[in-house]
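J.:
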Amino acid sequence: MKRTIAHMADGRELIYFDRRDDADRSAIDQRELPPRPVASELRYDPLTEEWVAMAGHRQTRTFLPPADECPLCPSAPGRSTEIPASSYDVVVFENRFPSFSTHLGSYADAGGLSEVRPGVGRCEVVCFTSDHTSSFSMLSDDQVELVMEAWADRTAELSEISGVEQVFCFENRGAEIGITLAHPHGQIYAYPYITPRTRQHLAAAARRPGLFAGVLAAERAGERVVAANEHWTAFVPAAARYPFEVHLYPHRQVPDLAALSQEERAAFGPVYTRVLRALDGLFGVVMPYVAAWHQAPVRQGRDLAYLHMELFSIRRAPGKLKYLAGSESAMGAFVNDVLPEEAARLLRSQVDH
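The sequence shown begins at 417 in our numbering and counts up one residue at a time.
In structure tokens:
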């Protein structure tokens, strides 16, 4: 793998990850860009004990442009994009409309018993391929491994930023999920706090030693396994919240993506892309989903955490979506319309098809 660092016209960092050592990455961003926004404002909710980012500049971010105006495609004569090169394998760059950044502004007291502090951190975009019409499910095993290398690289580097407490790699796919760009891509958030979901995981693991490994062992022996190989198992969890939800665990407990061995990184793609294709095959339409990597925080609970991916879709049937309405959104109390065992059976039927 070749790793090349470049910079955009406004100073944002851009990193090429290439399979070939002779890839030319000398192209320069010639655009005239506005100044970068300052970091968001974090406000603390004393009732939930959670931080909320106020990032008004994100209202102006690019929203579902036509394919010939996609900012994630390679640049071409007469049309400059976020990627100056005319082609690429995998690219990571600082988000132009970040929720968190190191460019600080001034932050006034908000009142209401809410503490205020700057949203220090970093947000990056990960372009999985230069092919606008592709998807993660269509990537070759070698390309997925390169994406894994990029995720691991960024996890390690972002963890070194002062003030960052957790690194989160994820992909939103599909208009139903709320994407703003259709090009195959994901994002990475470097948070200045430990997220609520991770705090829940770590608290449960502290109360029950070996919890994650126990969950994996129990699921591997049961009927909800969807796909597996020597290093990874994909299964529908017993208490799935979403109609079609799959968790992917490595067979060895590691805290984050950077800690995976080369063999484990290479083995992820063959299992994961089978699951993604199974999702798309269920109803004969492109399945919207969120794919979320759960990693250990930078400084806390690293001995308790167990790297894994949680993949879920809000589609529950052809033409029907699972809306997070009153019970889910207001109370955080989920009701699932599809029995997890049935979801696993349907997904296995597509994996084996």
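For glycine and all other residues, C-beta sits at the position ideal for the given N, C-alpha and C.
Whose C-alpha, out of Val714, Phe513, Leu463, Pro625, is nearest the C-alpha of Gln475?
T.: Checked all of Val714, Phe513, Leu463, Pro625; the closest Cα to Gln475 is Phe513.
J.: Taking Leu632 as part of the alpha helix (DSSP H), name the residues at either end of that continuous run.
T.: Looking at the DSSP string, the run of the alpha helix (DSSP H) that includes Leu632 is 627-636.
J.: Use the C-beta contact count for Pro768: other C-beta atoms within 10 angstroms, 16 or more gives buried, fewer gives exposed.
T.: Here the sequence assigns Asp to residue 768, which means Pro is not the residue at that position. Exposed, because fewer than 16 other Cβ atoms sit within 10 Å of the Cβ of Asp768.
J.: By Cβ distance below 7 Å, which residues in the same chain neighbour Met470 in space, the five residues on each side in sequence not counted?
T.: Hits under 7 Å: Ser456, Glu457, Arg459.
J.: Under 7 Å Cβ to Cβ from Leu720, same chain only, skipping five residues before and after it: list those, please.
T.: Excluding residues within five positions, the ones whose Cβ falls inside 7 Å are Leu618, Ala621, Ala622.
J.: The alpha helix (DSSP H) spanning Ala759 covers which residue range?
T.: Looking at the DSSP string, the run of the alpha helix (DSSP H) that includes Ala759 is 756-767.
J.: Helix or strand or just coil, what does DSSP make of Ala675?
T.: Three-state result, Ala675: helix.
J.: Going by C-alpha to C-alpha distance, which of Arg690, Arg657, Val714, Gln678 sits closest to Arg731?
T.: Taking only the C-alpha atoms, the option nearest Arg731 is Arg657.
J.: Given a cut-off of 8 Å on the beta-carbon distance, is the pair Pro600 and Ser556 in contact?
T.: For Pro600 and Ser556, no; Cβs fall outside 8 Å.
J.: Excluding the five sequence neighbours on either side, which residues of its own chain have a C-beta within less than 6 Å of the C-beta of Ser503, listed in chain order?
T.: Excluding sequence neighbours, Ser503 sits near Pro490, Ser546.
J.: Which stretch, first to last residue, makes up the beta strand (DSSP E) that contains Met470?
T.: Residues 466-470.
J.: Return the chain-ordered list of same chain residues with a C-beta closer than 6 Å to the C-beta of Arg447, the five sequence neighbours on each side being excluded.
T.: So the list reads Ala425, Ser496, once near-sequence residues are dropped.
J.: Can you tell me the Cβ-Cβ gap for Leu574 and Met417, rounded? I've got them flagged as a contact below 8 Å.
T.: The pair is not a contact, with the Cβ atoms about 18 Å apart (cut-off 8 Å).
J.: For Ala707, tell me which candidate among Ala643, Gly590, Ala634 has the shortest Cα-Cα distance.
T.: Comparing Cα positions, the closest option is Gly590.
J.: Using CA atoms only, rank isn't needed, just tell me which of Ser677, Ala654, Thr649 is closest to His667.
T.: Nearest C-alpha to His667: Thr649.
J.: Quick check on the DSSP output: the alpha helix (DSSP H) that includes His408 runs from which residue to which?
T.: Any property of residue 408 remains undetermined from this structure, which presents the chain solely from 417 to 769.
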